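Trainee: If you scroll down you'll find the structure; I have some questions about it.
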Amino acid sequence: MTGIGTVSEEKKPAPAPRKGKLKIILMGGLGALLLVGGGVGAGLYAAGAGLAGGHKAEPEDPNQPRLVPREGADQTAHAGGKKPRAIEEALDPGRYKASYYDLAQNFTSNLRDSDGFMQVSLGISTYYDQRVIDRVKAHEMAIRSAVLMTLADQDSFVISTPAGKKQLQKSLKNAINEVLVQKEGFGGVDDVYFTNFIIQ
0 MTGIGTVSEE
10 KKPAPAPRKG
20 KLKIILMGGL
30 GALLLVGGGV
40 GAGLYAAGAG
50 LAGGHKAEPE
60 DPNQPRLVPR
70 EGADQTAHAG
80 GKKPRAIEEA
90 LDPGRYKASY
100 YDLAQNFTSN
110 LRDSDGFMQV
120 SLGISTYYDQ
130 RVIDRVKAHE
140 MAIRSAVLMT
150 LADQDSFVIS
160 TPAGKKQLQK
170 SLKNAINEVL
180 VQKEGFGGVD
190 DVYFTNFIIQ
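For the sequence shown, numbering that gives the first Met the number 0 assigns the number 0 to the initial residue and increments by one for each residue that follows.
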């Protein structure tokens, strides 16, 4: 018999963990480990097979223009030249030498939804070798047509602003590069310059 006010309690043994729950936890951990290992393996395979940006270098085409490094500039990044850009890709201008070419004649075009017209003279620049300028000369008729179509699509109010002129330069560069891509498979014109600009 126990003392007054105390009730005897028998200690019950703690229930043994069920084997089913432990098995589920172990299987889940093993499954997660397999998923992580499989992901790492797939990533390594993709990198080795060229699927994740680690592709093998394409053989260089000797007919493609090459970037012309500036004298004294670091030439290791693009030794021998870089594959010509199709239309838009920025280059570090401090690293490459620019060549310039004036397109032969003025461009005169009516403006969109207006009685006005514009007359411009254009020059281009490239960081590539003489082959880009030679191809601009060879396809000057097609380039003139693309430039005139671009000019005819301009709004006189927009192109009278500095921002409008900058946008027009970008549109003309893209139009010229599109012609070169269609005719030669590459662009290569980096900038377009106005050497004369009249709106009436």
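By construction, the Cβ of each residue, glycine as well, lies at the ideal position given by its N, Cα and C atoms. Owing to the predicted nature of the structure, the values given are computational and were not obtained by experimental measurement.
Between the alpha carbons of E177 and G186, how many angstroms are there, rounded?
Mentor: 7 Å
Trainee: Going by C-alpha distance, which of N195, E70 and Y100 is nearest Q129?
Mentor: Residue Y100 holds the alpha-carbon nearest to the alpha-carbon of Q129 among N195, E70 and Y100.
Trainee: Straight-line CA distance for Q199 to V188?
Mentor: 29 Å
Trainee: Considering just the uninterrupted stretch of the beta strand (DSSP E) at S98, what are its terminal residues?
Mentor: S98 to D101
Trainee: In or out: E87 buried (at least 16 other Cβ within 10 Å) or exposed?
Mentor: Here the model assigns E87 a pLDDT of 45, short of 50, so the residue's position is not dependable and the matter cannot be decided.
Trainee: In the DSSP assignment, find the unbroken alpha helix (DSSP H) run with Q129 in it and report its ends.
Mentor: Here the alpha helix (DSSP H) through Q129 covers Q129 to A137.
Trainee: Since M117 and I175 should fall inside the 8 Å C-beta cutoff, what is the C-beta to C-beta distance between them, to a whole number of angstroms?
Mentor: That pair is no contact at about 17 Å.
Trainee: In terms of residues, what are the limits of the beta strand (DSSP E) holding S159?
Mentor: Per DSSP, S159 belongs to no beta strand (DSSP E) and is neither H nor E.
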